[in-house]
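Notes to accompany the following structure.
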Amino acid sequence: MSIDAHNAPPLEPPAEVPDIQRGNWLKLPASDPVVRYVADALWGCPESPTGWATARLSQAVYVYLEQVTQWALVAKFYAAKTGSSAHRHAARELRCLQQAETTGVDTSDFRVVKPLGLWRGVLFLEYVQGLRLEDVIAVRQSQPGRLTASLERAARFLARFHSHGAQLDADPDFDSSVRYAHGVVGQLAGHGVLQDDPIARDGVTRLIDRWAAKPLMRSFAPTLTHGDTTTTNFIFPESGEVVVVDWERLDRGDPASDLGRLMAEITHSINQHGGSVVEAEPFVEHMVDAYGRALPSCWDGEALVDRARFYRASSTLRIARNGWVSRLDRMALVAQAMALLAADL
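For the sequence shown, the working numbering gives the first residue as 25, with consecutive numbering after it.
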């Protein structure tokens with residue numbers, strides 16, 4: 025695997041495509057630096073590549089396609105995210121991917137996305153063709169049963185990853201999660217939906233502080249955590265497996281943080297795709313049950329689910345920061361978070 029020099033300038037993403045063309049393929053010349061690197065270092069077919077095209081998946085992520093063979097890979101341009109420190113951040117995600125792989129989490133049912141190379145601040149990954157969990161949620165009414173099965177596979181992946189990623193030399197740390205939650209509230213109060221609502225702001229702050237005082241929240245064995253269990257990071261190919269992507273926030277901490285984050289993201293995604301919290305709750309409960317059944321018998325699954333309520337609430341507050349969500353929905357998200365934090369206190 026090629027590791028780029030620290031002093032090489034990081035590559036920027038391809039030129040912006042006009043809005044009307046986003047989602048379409050943009051042809052690339054053979055002189056394009058990424059095309060040259062891929063052809064020289066990563067191309068694995070016996071015949072020479074003929075022509076390349078790229079499509080934008082997000083601000084920093086592009087898929088590159090060889091148009092004759094249809095061979096493709098993903099390029100993640102860290103310069104779009106971190107500027108001149110792109111190499112350091114891209115190298116960190118590569119290390120995170122390698123660490124996740126070494127846990128032995130991969131099975132025939134689920135696996136970690138495979139890294140292919142690193143060059144000038146660009147991380148190259150295999151291209152996994154399939155529906156994201158968000159897409160499965162969007163088509164749940166036209167494909168009955170598919171969402172339930174997908175949630176089960178995602179839950180089993182997380183349970184296996186957490187149980188294989190035990191960090192026996194680490195001490196439990198809940199204080200950083202409390203600081204993060206307070207920081208989100210500060211952002212909502214500074215320029216969000218709590219800006220003109222000091223009563224709600226103070227109420228959420230007090231609820232977070234009450235969770236901070238609970239001994240339960242510091243009674244866990246740290247594991248490796250994915251750190252960004254959103255509905256866009258679980259991909260379901262037609263083969264039936266689940267492939268988990270975007271490992272740049274891998275860390276060690278409370279496995280309940282991954283579970284709670286996914287609970288919040290599923291709820292919000294269903295609500296955004298024509299559903300409601302009432303519709304989402306049975307799906308969330310089913311995912312949590314599947315996670316609990318897949319845990320080792322020696323784990324205290326009940327305590328883990330109790331802790332996950334806090335992380336679900338803080339993740340719900342995080343979603344409420346998004347400006348593309350309507351103000352009414354952002355206010356509803358804050359109300360959901362307060363209800364979660366107030367439960368059983």
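Virtual Cβ for every residue (Gly too), placed ideally from N, Cα, C.
Between the beta-carbon of A314 and that of R135 there is about 18 Å, and that puts the pair past the 8 Å contact cut. In the displayed model, G214 falls within a helix according to three-state DSSP. Nearest to G169 by alpha-carbon distance, out of R351, H310 and R317, is H310. Annotated as distal: H188 and G284, with beta-carbon spacing of 7 Å or more.
For Y86, the secondary structure class from DSSP, reduced to helix, strand or coil, is strand. In terms of CA proximity to V87, V98 leads the group A77, V98, P279 and E289. Distance between W348 and S82, taken at the CA atoms: about 15 Å. Between I343 and H292, the C-beta gap is smaller than 7 Å, which places the two residues in contact.
For D282, the CB contacts under 6 Å within the same chain, skipping 5 residues up- and downstream, are L182, T249, H250 and T253 in chain order. Burial of H111 is indicated by the presence of at least 16 other C-beta atoms within 10 angstroms of its C-beta. Ranked by how close their Cα comes to the Cα of T93, the residues G75, Y102, G107 and A104 have G75 in first place. Per DSSP, E117 is one residue of the alpha helix (DSSP H) stretching across A110 to T126. Partner residues in the beta bridge of V146, as assigned by DSSP, are F101 and W143. D324 is bridged by DSSP to nothing; it lacks a bridge partner. The C-beta distance from Y151 to A96 rounds to 4 Å, short enough to meet the 8 Å contact threshold.
DSSP, read as helix, strand or coil, puts D233 in helix. By the beta-carbon neighbour count (other beta carbons within 10 angstroms, threshold 16), V59 is buried.
In the three-state reduction of the DSSP assignment, V349 falls in the coil class, being assigned neither a helical nor a strand state. For the stretch 262-337, the full-length beta strand (DSSP E) segments reaching 3 residues or more read 266-268 and 275-277 along the chain. Exposed is the label assigned to Q153, since fewer than 16 other Cβ atoms lie within 10 Å of its Cβ.
In the DSSP assignment, W76 forms a beta bridge with L52 and E90.
The shortest C-alpha to C-alpha distance from G277 to any of E90, S243 and R317 is the one to S243. When rounded, the separation of the alpha-carbon atoms in D159 and R273 is 23 Å. Note that the C-beta distance between A84 and K100 is below 7 Å. For the options A318, P38 and V358, the alpha carbon positioned closest to that of V208 is the one of V358.
As computed with DSSP, I259 is found in a beta bridge with R156 and V267. In the structure shown, the three-state DSSP call for A363 is helix. As computed with DSSP, F134 is found in a beta bridge with V266. In this structure, the beta-carbon distance from R144 to L35 falls below 7 Å. For L248, the enclosing beta strand (DSSP E) begins and ends at T247 to T249. Three or more beta-carbon pairs drawn from the stretch 223-231 and the stretch 358-367 are found closer than 8 Å, and the two stretches are therefore classed as touching.
About 7 Å separates the beta carbons of A205 and L341, which is inside the 8 Å limit, making them a contact pair. Going by DSSP, F181 is part of the alpha helix (DSSP H) stretching over R170 to H188.
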